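K.L.:
Numbering (the numbering used here), first residue to last: 10 to 263.
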């Protein structure tokens, strides 16, 4: 099991072969990956067949022994109504550089304290696609703070911390829950402060933004824009450090 996870999640970035696609049908392996995705608060894109619109959700509980998974409410809000109508959807999310994709069906929709959540069928198969050229590496508590200033006359200061990092972009948690960022929006002035390496300055193009229904935070991801060579070198050095730590942890648990 641990050798499987090691091969699936780590990969060998320096080899840069084309992306590999695999399908997992072993129930224990599927459960292990979904539990990791849940524990790491991986944000999933949810898509309905025949529709271009995509929605965001997260896994909030894995109950493979009972045959179901619990999903958080969808954003934007109209996705919740569509899920009840369509019943079936495909989810995809990135866990440590591995794109996990699975299709599931709605079992039951519920609501607690005004927040919707959904029981869906435990997937019979999960596809995983390793993107080796620029995987996002989770920071695992590395403590990398983030600050940014929104542009175009909006002087809102954004604060948060890094959750994952790659050579091309970054995943972040903003500690404000009243932030509304649009896909494609540019944050022109961003700084992350990497311990022992220094500040990294860049502009960020927003890829996704989702408010967390359980905590007063907003999760965002984006691509680097206007990042200078020195800052990019610091990002690469930090990724190497995090990969080394991750490899040691996996070896210890083999």
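Backbone N, C-alpha and C fix where the C-beta goes; we use that ideal spot for every residue, glycine too. Quick caveat, the model's predicted, so the values are computed rather than measured.
Which class does residue 61 belong to by DSSP, given the choice of helix, strand or coil?
P.N.:
Looking at residue 61 - three-state DSSP - the assignment turns out to be coil, as it is neither helix nor strand.
K.L.:
Just checking, does the region 204–214 make contact with the region 226–241 on the three C-beta pairs under 8 Å criterion?
P.N.:
With a cut-off of 8 Å, the region 226–241 and the region 204–214 count as touching, because enough Cβ pairs lie within range.
K.L.:
Classify residue 52: buried if its beta carbon has 16 or more other beta carbons within 10 angstroms, exposed otherwise.
P.N.:
Looking at its Cβ environment, which holds 16 or more other Cβ atoms inside 10 Å, residue 52 is buried.
K.L.:
Going by DSSP in three states, residue 34 sits in which element: helix, strand or coil?
P.N.:
Three-state result, residue 34: coil.
K.L.:
What is the C-beta distance between residue 102 and residue 179, in whole angstroms, given that I count them as a contact (C-beta under 8 Å)?
P.N.:
So it is not a contact: roughly 16 Å between Cβ atoms.
K.L.:
Helix or strand or just coil, what does DSSP make of residue 92?
P.N.:
Three-state DSSP puts residue 92 in a helix.
K.L.:
Let me know if residue 169 comes out buried or exposed under the rule of 16 or more other beta-carbons within 10 Å of its beta-carbon.
P.N.:
So residue 169 ends up on the buried side.
K.L.:
Around the Cβ of residue 224, are there at least 16 other Cβ atoms within 10 angstroms (buried) or fewer (exposed)?
P.N.:
With fewer than 16 other Cβ atoms within 10 Å, it is exposed.
K.L.:
Following the continuous beta strand (DSSP E) through residue 148, name the residue where it begins and the one where it ends.
P.N.:
Looking at the DSSP string, residue 148 is not in any beta strand (DSSP E), and its letter there is neither H nor E.
K.L.:
Buried or exposed for residue 124, going by 16 or more other Cβ atoms inside 10 Å?
P.N.:
By the neighbour-count rule (16 or more Cβ atoms within 10 Å), residue 124 is not buried but exposed.
K.L.:
In three-state DSSP terms, what is residue 228?
P.N.:
In the structure shown, residue 228 sits in a strand (DSSP, three-state: E or B).
K.L.:
Using the C-alpha atoms, what's the distance from residue 94 back to residue 42?
P.N.:
Whole-angstrom Cα-Cα distance: 28 Å.
K.L.:
Counting only runs of 3+ residues fully inside the region 158–198, write out the beta strand (DSSP E) ranges in chain order.
P.N.:
For the region 158–198, whole beta strand (DSSP E) runs of length 3 or above, ordered along the chain, are 166–174, 178–183.
K.L.:
Going by Cα to Cα distance, which pick from 47, 79, 136 is closest to residue 34?
P.N.:
Of 47, 79, 136, the residue nearest in Cα terms is 136.
K.L.:
Within a Cβ cutoff of 6 Å, which residues of the same chain sit near residue 200, ignoring the five residues on either side of it in sequence?
P.N.:
So the qualifying residues of the chain are 156, 208, 210.
K.L.:
Roughly how many angstroms lie between the CA atoms of residue 57 and residue 63, to the nearest whole one?
P.N.:
Answer to the nearest angstrom: the Cα atoms are 8 Å apart.
K.L.:
What do you reckon, are the CB atoms on residue 192 and residue 216 nearer than 8 Å?
P.N.:
Their beta carbons are under 8 Å apart, which means residue 192 touches residue 216 by this criterion.
K.L.:
With 16 other CB atoms within 10 Å as the buried threshold, where does residue 242 fall?
P.N.:
Its Cβ having fewer than 16 others within 10 Å, residue 242 is exposed.
K.L.:
What's the gap between the Cα of residue 141 and the Cα of residue 253?
P.N.:
With a pLDDT of 47 at residue 141, under the threshold of 50, the predicted position of this residue should be treated as unreliable, though the coordinate-derived value follows. Those two C-alpha atoms are separated by around 16 Å.
K.L.:
Does the Cβ-Cβ distance between residue 92 and residue 138 come in under 8 Å?
P.N.:
Not closer than 8 Å, so no.
K.L.:
Which of the three DSSP states, helix, strand or coil, is assigned to residue 81?
P.N.:
The answer is strand: DSSP assigns residue 81 an E or B state.
K.L.:
Could you pull the start and end residues of the beta strand (DSSP E) that residue 125 belongs to?
P.N.:
Where residue 125 is concerned, the enclosing beta strand (DSSP E) stretches over 124–130.
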